[in-house]
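J.: Going line by line, the protein sequences match chains A, B and C. Okay, so the first sequence: first residue is 0 according to numbering that gives the first Met the number 0, each after it adds one. Okay, so the second sequence: first residue is 0 according to numbering that gives the first Met the number 0, each after it adds one. Okay, so the third sequence: first residue is 0 according to numbering that gives the first Met the number 0, each after it adds one. Cβ coordinates follow ideal geometry from the N, Cα and C atoms, glycine included. Before we start, here is the structure in question, set down as structure tokens.
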Amino acid sequence: MPALLQAATDFQTIARQAGQLIMPEAILTLFACAALILDVMLPRNRKRVVAWVCLAGIGASLVSLGILYFNISSREAARTGFFDMIIIDNYAVVFKLMFLIGAALSILLSIKYLDTEGEQRGEYYALILFSVTGMMFMASGVDLLTLFISLELMAISVYILVGFLKRDQRSNEAAMKYFLLGAFSSGVLLYGISLVYGLTGTTNLAKIAAALPTVASANYNLLGTPADMRYLVLLSMILMAAGMFFKVAAVPFHMWAPDAYEGAPTSITAFMSVAVKAASFAMFGRLFLYGLPDLRGALEGDPANNIAGLPGWALLLGIVAAITMVWGNLAALIQNNTKRLLAYSSISHAGFTLLGLIAGNQTGYTAFIIYLFIYTLMNLGVFGCIIALRRRGIAGDRMEDFNGLVRKAPWLTVMMTIFLLSLGGIPPTAGFVGKLYLFMGLIETGNPWLVRLAILAVLMSAVSLYYYIRFIRAMYIEPESEPQPLSLSRPLQTALAVAVLLVMLIGVYPQPLIRLTQKAATSQGLKTYVYEEKPAATDSTDQPGAVPLPPTPPRR
Amino acid sequence: MSAILTKLLLVTPDWVRSLTGERQPNVFWAEYVVWPLIQIVIVLFVILTLVAYLVYLERKVSAFMQARLGPMRVGPWGLLQPAADGLKLLLKEDIIPLKADKTVFVIAPIISVVAALVVLSVIPWGAAWATIANVNIGLLFVLAVSSVSVLGLVLAGWSSNSKYSLLGALRSSAQMVSYEIAMGLSIIGALMFARTLSMSGIVEAQQSDGIWYAFFQPAGFLLYMISALGETNRAPFDLPEAESELVAGYHTEYSGFRWALFFMAEYAAMIVTASVAVTLFLGGWSFPGLSLIQDRTIFVLVSIVVFAAKVFALIYAYMWFRWTWPRYRYDQLMELGWKWMIPAGLANIVLTGVWYVLALPESAGGLFGFMQAAPGQIDGRLVPTTAGKLYFVVTGFIISIPIMWVLLATINRRSRDFNLQEQRQLQMQLRRERLEKSASAQEADGTP
Amino acid sequence: MEKALFIIIAVIAVAAALNVLIQRNPLYSALSLIGTMAALSVLYVMLRAQFIAAVQIVVYAGAILVLFIFVIMLLNAPKQQLQIDKQKGLRYLAIPLAGLLLAEAFYVVWRVQDIAMPVVKEGEEAVGTTWSVGVALFTHYLLPFQVAGVLLLMALIGAVVLARREGDK
Numbered sequence: 000m001p002a003l004l005q006a007a008t009d010f011q012t013i014a015r016q017a018g019q020l021i022m023p024e025a026i027l028t029l030f031a032c033a034a035l036i037l038d039v040m041l042p043r044n045r046k047r048v049v050a051w052v053c054l055a056g057i058g059a060s061l062v063s064l065g066i067l068y069f070n071i072s073s074r075e076a077a078r079t080g081f082f083d084m085i086i087i088d089n090y091a092v093v094f095k096l097m098f099l100i101g102a103a104l105s106i107l108l109s110i111k112y113l114d115t116e117g118e119q120r121g122e123y124y125a126l127i128l129f130s131v132t133g134m135m136f137m138a139s140g141v142d143l144l145t146l147f148i149s150l151e152l153m154a155i156s157v158y159i160l161v162g163f164l165k166r167d168q169r170s171n172e173a174a175m176k177y178f179l180l181g182a183f184s185s186g187v188l189l190y191g192i193s194l195v196y197g198l199t200g201t202t203n204l205a206k207i208a209a210a211l212p213t214v215a216s217a218n219y220n221l222l223g224t225p226a227d228m229r230y231l232v233l234l235s236m237i238l239m240a241a242g243m244f245f246k247v248a249a250v251p252f253h254m255w256a257p258d259a260y261e262g263a264p265t266s267i268t269a270f271m272s273v274a275v276k277a278a279s280f281a282m283f284g285r286l287f288l289y290g291l292p293d294l295r296g297a298l299e300g301d302p303a304n305n306i307a308g309l310p311g312w313a314l315l316l317g318i319v320a321a322i323t324m325v326w327g328n329l330a331a332l333i334q335n336n337t338k339r340l341l342a343y344s345s346i347s348h349a350g351f352t353l354l355g356l357i358a359g360n361q362t363g364y365t366a367f368i369i370y371l372f373i374y375t376l377m378n379l380g381v382f383g384c385i386i387a388l389r390r391r392g393i394a395g396d397r398m399e400d401f402n403g404l405v406r407k408a409p410w411l412t413v414m415m416t417i418f419l420l421s422l423g424g425i426p427p428t429a430g431f432v433g434k435l436y437l438f439m440g441l442i443e444t445g446n447p448w449l450v451r452l453a454i455l456a457v458l459m460s461a462v463s464l465y466y467y468i469r470f471i472r473a474m475y476i477e478p479e480s481e482p483q484p485l486s487l488s489r490p491l492q493t494a495l496a497v498a499v500l501l502v503m504l505i506g507v508y509p510q511p512l513i514r515l516t517q518k519a520a521t522s523q524g525l526k527t528y529v530y531e532e533k534p535a536a537t538d539s540t541d542q543p544g545a546v547p548l549p550p551t552p553p554r555r
Numbered sequence: 000m001s002a003i004l005t006k007l008l009l010v011t012p013d014w015v016r017s018l019t020g021e022r023q024p025n026v027f028w029a030e031y032v033v034w035p036l037i038q039i040v041i042v043l044f045v046i047l048t049l050v051a052y053l054v055y056l057e058r059k060v061s062a063f064m065q066a067r068l069g070p071m072r073v074g075p076w077g078l079l080q081p082a083a084d085g086l087k088l089l090l091k092e093d094i095i096p097l098k099a100d101k102t103v104f105v106i107a108p109i110i111s112v113v114a115a116l117v118v119l120s121v122i123p124w125g126a127a128w129a130t131i132a133n134v135n136i137g138l139l140f141v142l143a144v145s146s147v148s149v150l151g152l153v154l155a156g157w158s159s160n161s162k163y164s165l166l167g168a169l170r171s172s173a174q175m176v177s178y179e180i181a182m183g184l185s186i187i188g189a190l191m192f193a194r195t196l197s198m199s200g201i202v203e204a205q206q207s208d209g210i211w212y213a214f215f216q217p218a219g220f221l222l223y224m225i226s227a228l229g230e231t232n233r234a235p236f237d238l239p240e241a242e243s244e245l246v247a248g249y250h251t252e253y254s255g256f257r258w259a260l261f262f263m264a265e266y267a268a269m270i271v272t273a274s275v276a277v278t279l280f281l282g283g284w285s286f287p288g289l290s291l292i293q294d295r296t297i298f299v300l301v302s303i304v305v306f307a308a309k310v311f312a313l314i315y316a317y318m319w320f321r322w323t324w325p326r327y328r329y330d331q332l333m334e335l336g337w338k339w340m341i342p343a344g345l346a347n348i349v350l351t352g353v354w355y356v357l358a359l360p361e362s363a364g365g366l367f368g369f370m371q372a373a374p375g376q377i378d379g380r381l382v383p384t385t386a387g388k389l390y391f392v393v394t395g396f397i398i399s400i401p402i403m404w405v406l407l408a409t410i411n412r413r414s415r416d417f418n419l420q421e422q423r424q425l426q427m428q429l430r431r432e433r434l435e436k437s438a439s440a441q442e443a444d445g446t447p
Numbered sequence: 000m001e002k003a004l005f006i007i008i009a010v011i012a013v014a015a016a017l018n019v020l021i022q023r024n025p026l027y028s029a030l031s032l033i034g035t036m037a038a039l040s041v042l043y044v045m046l047r048a049q050f051i052a053a054v055q056i057v058v059y060a061g062a063i064l065v066l067f068i069f070v071i072m073l074l075n076a077p078k079q080q081l082q083i084d085k086q087k088g089l090r091y092l093a094i095p096l097a098g099l100l101l102a103e104a105f106y107v108v109w110r111v112q113d114i115a116m117p118v119v120k121e122g123e124e125a126v127g128t129t130w131s132v133g134v135a136l137f138t139h140y141l142l143p144f145q146v147a148g149v150l151l152l153m154a155l156i157g158a159v160v161l162a163r164r165e166g167d168k
């Protein structure tokens with residue numbers, strides 16, 4: 000009897016929380032199910048109604064997210080729920096906002112595209128909503144179990160969406176490659192997770208963070224026997240990082256990206272390149288800043304080295320970010336298919352985004368979030384322009400398709416130019432703000448290696464301008480090669496207009512977004528690392544076997 | 000309950016312990032080895048005899064329904080016919096087809112019959128010692144093992160290397176896998192009331208609630224009975240062995256005693272599904288007025304008789320169905336399984352859950368307070384009051400069933416759209432329209 | 000008694016698992032896998048995790064392996080040697096790796112003997128019963144459980160989307 004009563008009260012607590020904490024996700028799931036039922040009931044030529052229903056669902060979800068945001072900001076504290084399975088903090092809310100905006104714009108882009116492809120079906124929109132549900136749980140999950148299941152929810156729906164054009168060979172191939180490599184990377188991630196669970200005995204990130212300094216000490220007391228578990232800790236960290244690198248398409252694990260981006264329906268490429276990437280980064284940040292903060296390790300010249308004698312993830316991420324930026328930008332130079340080119344560009348942007356995590360200070364985290372936010376808008380815009388070029392008989396994904404666009408569709412050309420300049424990081428646009436913050440974060444640390452990384456990033460940014468300018472050259476200078484006029488649909492125009500307005504607005508007046516992301520970056524539990532204050536300790540802590548320093552308290 | 004059981008076990012097999020020849024009675028061997036073995040032998044003997052006589056019964060019932068006499072020659076009223084049949088099957092030549100996969104061919108009937116017979120161990124044949132094993136996952140065990148029995152059929156069909164067998168096996172596996180889901184869903188409503196998976200526990204729960212769960216769960220009972228027909232491949236769902244199409248289905252190539260094993264498995268499965276239905280929905284071995292019997296032994300014996308009578312009533316219904324309903328077509332069978340039974344099962348779970356939660360007392364989050372604590376219940380199970388019983392019967396019969404009917408009718412309203420032929424025709428029509436439209440558009444382009 | 004039973008069941012499980020690898024006919028491998036699953040299920044019963052034991056049978060023997068056998072039957076796997084034999088070179092890589100893994104496993108077993116493991120006492124609430132699994136799923140793990148439900152629904156829809164015949168288009 001006591002057990003039953005105990006369970007009953009637990010259930011009531013959960014029920015009360017469920018109404019508040021997971022309302023945005025619950026709304027999305029309900030709308031996705033409604034979309035599926037509606038899809039069966041609608042006749043074939045009216046399927047696009049489903050898209051509007053799904054947009055309404057995203058709107059409702061946004062409203063409830065707003066309520067949730069005011070709820071937590073009025074309490075000035077994050078709320079955990081479901082037995083510490085999820086946390087609703089500013090970090091989660093900002094990322095959720097990002098996913099919802101990304102999904103809404105993607106749906107707007109999709110309506111016309113699917114009509115052109117003759118694949119207007121309701122499941123498409125339902126799958127997008129399901130995948131956004133997964134992303135939102137990824138942003139707020141603080142338990143490895145929740146994180147992994149939500150990651151799979153997101154990933155599997157995207158695999159299906161990539162292969163949605165069943166009659167297109169390239170789409171099938173892309174889906175197959177993406178699925179196989181994605182499943183493999185999930186396996187790698189899971190291996191890392193299982194090692195962490197084995198080492199710490201918990202799947203809760205906060206508890207893992209608390210347990211790791213003990214487990215990773217040189218003589219950890221394992222069931223009465225002294226044991227050195229540090230290398231196992233390191234291995235699990237590397238495996239988890241590898242799994243996440245796959246998901247964000249960072250360089251040694253980027254091979255799937257160009258093929259998947261090229262073969263997928265363009266609207267899904269847009270969705271993948273922004274929302275999926277942002278969600279993966281959200282989970283990346285959660286895993287590493289919230290779950291494994293003490294494994295950051297030290298770069299040369301850093302004071303705080305928490306596992307003595309071992310390199311940490313800062314080094315790993317730094318190297319990966321550097322090669323990602325270099326490789327992504329160089330490979331993009333020689334591409335002729337615009338979707339492939341943007342795939343490489345998106346790989347290099349993943350490298351830039353990683354810089355924010357590496358910086359490890361508040362500016363860095365702000366940059367990390369703000370960059371993803373801006374990237375969502377500008378990349379969706381670019382893909383929207385490519386979708387606009389898709390018309391009967393023209394794939395629209397060759398560089399030549401842009402030839403002489405300015406004479407056919409001047410407004411579209413202007414918008415495309417703005418998005419491209421923003422991707423390149425040219426001043427009056429939003430992209431500049433994002434990159435500025437990233438570099439500032441790195442330079443603020445004062446670490447010579449990180450400053451060198453920032454210099455490399457600036458150089459690579461300059462290289463990237465070359466291929467963005469190629470588009471501009473094609474649009475403005477090349478003669479028209481294709482007389483067929485464009486057919487812009489109203490939803491597509493709306494999406495592009497919204498994206499371009501936001502990009503310009505953030506570029507000119509970024510303060511509101513910066514304030515929002517700064518709040519997110521100072522969320523509870525996201526550990527920040529301080530550099531300059533204790534330079535004297537540098538040499539002593541680098542020695543193997545030295546006593547680990549107490550973790551630096553997070554800055555509030 | 001367990002005290003009585005222990006006492007009975009220790010009293011009854013006294014001679015068993017004397018056999019071990021120890022002065023200290025070896026309780027472990029007596030209780031856990033010898034006594035269960037005796038029970039198993041008795042149950043197997045009874046059930047196998049029963050299976051033989053079920054065949055006889057089937058022939059008699061079919062004969063009477065067709066105004067014939069049925070077997071009359073061997074013994075009085077043909078009562079020795081099963082023995083003669085058994086002997087005949089034993090003496091027949093055992094043929095293994097030349098191209099058959101011999102190992103699998105031999106294993107398949109064994110899997111079938113073992114899966115059917117193992118389940119008998121958890122069925123509460125009667126009160127107290129008449130239950131062989133009171134496992135706390137009894138019902139789940141039944142479902143688990145009966146899900147294995149599909150394998151016997153599939154392997155038999157595959158290993159025979161004959162197209163009739165293979166087709167029969169494919170049909171049967173698809174059918175059994177589909178109807179297993181509906182079966183699993185249909186029992187959950189009753190489990191919500193019983194709050195245990197132990198078969199004896201379910202019977203006891205019905206005793207203390209003072210009602211058979213068929214009254215609380217009319218929809219669940221109906222679903223269970225239909226899916227049980229599907230599970231056991233009985234008419235009108237006997238597609239796997241449709242004589243007119245497949246000779247004899249998956250056991251076409253079997254002869255002699257191996258064939259008899261399949262037959263045995265089929266009839267044993269019938270007994271099992273009927274027993275589960277009786278346990279779950281018809282109060283098991285309990286019957287109003289049964290507790291008036293004072294003598295324990297007679298009580299147990301009468302309880303066995305009551306159980307058997309209920310099982311036989313259901314088996315008679317099976318036979319009745321067989322001779323009154325025509326066989327389903329394959330797509331109809333699948334449509335019934337997936338579009339009607341499974342949604343109905345899910346709806347039944349949801350509705351029962353809602354009724355149950357509403358009936359809870361307010362302290363437990365309910366509304367009406369039709370449930371109250373009662374002494375001797377496991378894990379604080381609540382028992383419905385008289386008003387509660389009435390409420391559950393009313394909701395079960397008058398509210399749930401119409402709601403489910405409307406729901407199913409709604410979701411299957413456009414069911415025709417999924418029909419492959421219709422779908423193809425619809426698309427042809429759409430294509431024709433599209434072609435016409437583009438043709439007219441071209442004309443418009445050509446003549447401005 | 001319990002130890003003897005454990006040894007018998009464990010030997011059956013390992014023998015069946017080896018048979019999965021040794022058999023050339025995929026159908027025999029699948030059948031052996033059923034044997035392994037059944038033996039594992041008995042081991043779960045011995046650990047007093049009855050619910051998990053039953054689920055093991057329902058899910059693996061009842062559903063997944065029926066599906067395997069279905070696929071094997073329908074593909075009618077050829078009796079001749081499978082493709083594996085073409086890559087004989089990999090064998091020389093695989094055998095040392097397998098040996099290494101085995102050595103590692105033995106090392107772990109050998110080390111674990113020295114360590115006092117926590118022992119589940121008689122009469123203690125086991126973790127694998129219907130009750131404990133149900134309570135855990137509906138309280139502590141409610142959210143992952145529900146998300147997994149959404150995941151399965153989504154996967155189901157996805158399978159239908161990708162597999163549905165497209166008519167005449």
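From V10 of chain B to F220 of chain B, what distance separates their C-alpha atoms?
T.: Bear in mind that the predicted position of V10 of chain B carries a pLDDT of just 48, short of 50, making it too unreliable to give a figure here.
J.: Considering only DSSP beta bridges, list what I393 of chain A is partnered with.
T.: Answer is A:R390, bridged to I393 of chain A.
J.: Mind checking if F262 of chain B is an interface residue toward chain C, Cβ cutoff 8 Å exclusive?
T.: So no, F262 of chain B is outside the interface.
J.: Give the C-beta separation of A267 of chain B and Y223 of chain B to the nearest angstrom, bearing in mind that I take them to be a contact with Cβ-Cβ under 8 Å.
T.: Incorrect: roughly 18 Å between the Cβ atoms, too far for contact.
J.: Using a 10 Å radius around the Cβ and a threshold of 16 neighbouring Cβ atoms, would you call M45 of chain C buried or exposed?
T.: So M45 of chain C counts as exposed.
J.: Which two residues bound the contiguous alpha helix (DSSP H) that contains M236 of chain A?
T.: That run of the alpha helix (DSSP H) goes 229-247.
J.: Look at the alpha carbon of M282 of chain A and the alpha carbon of I373 of chain A, and state the distance between them as a whole number of angstroms.
T.: Computed Cα separation, rounded: 18 Å.
J.: Can you give me the start and stop residues for the alpha helix (DSSP H) that I180 of chain B sits inside?
T.: Its alpha helix (DSSP H) spans residues 162-185.
J.: What residues in the region 42-58 of chain C have a beta carbon less than 7 Å from any beta carbon of chain B?
T.: The region 42-58 of chain C vs chain B, Cβ under 7 Å: Q49, F50, A53, I56, V57.
J.: If we cut at 8 Å on Cβ distances, does G18 of chain A have a partner in chain C?
T.: Taking Cβ atoms only, chain C never reaches closer than 8 Å to G18 of chain A, which makes this a no.
J.: Would you say A247 of chain B lies against chain C (beta-carbon separation less than 8 Å)?
T.: No, A247 of chain B does not count as interfacial toward chain C.
J.: Where does N44 of chain A land, buried or exposed, given buried means 16+ other C-beta within 10 angstroms?
T.: So N44 of chain A counts as exposed.
J.: What are the start and end residues of the alpha helix (DSSP H) that includes T385 of chain B?
T.: Run containing T385 of chain B: 385-393, per the alpha helix (DSSP H) assignment.
J.: Using a Cβ-Cβ distance cut-off of 8 Å, determine whether W157 of chain B contacts chain C.
T.: It does: the Cβ of W157 of chain B has a partner Cβ on chain C nearer than 8 Å.
J.: Can you pull the chain C neighbours of E151 of chain A, defined as C-beta to C-beta under 8 Å?
T.: In chain order: L150.
J.: Check Q371 of chain B in the structure and name its three-state DSSP category.
T.: The answer is strand: DSSP assigns Q371 of chain B an E or B state.
J.: For V65 of chain C, go through chain B and note every residue whose CB falls closer than 7 Å to its CB, in chain order.
T.: Residues of chain B passing the Cβ test: V149, L150, V153, S172, V176.
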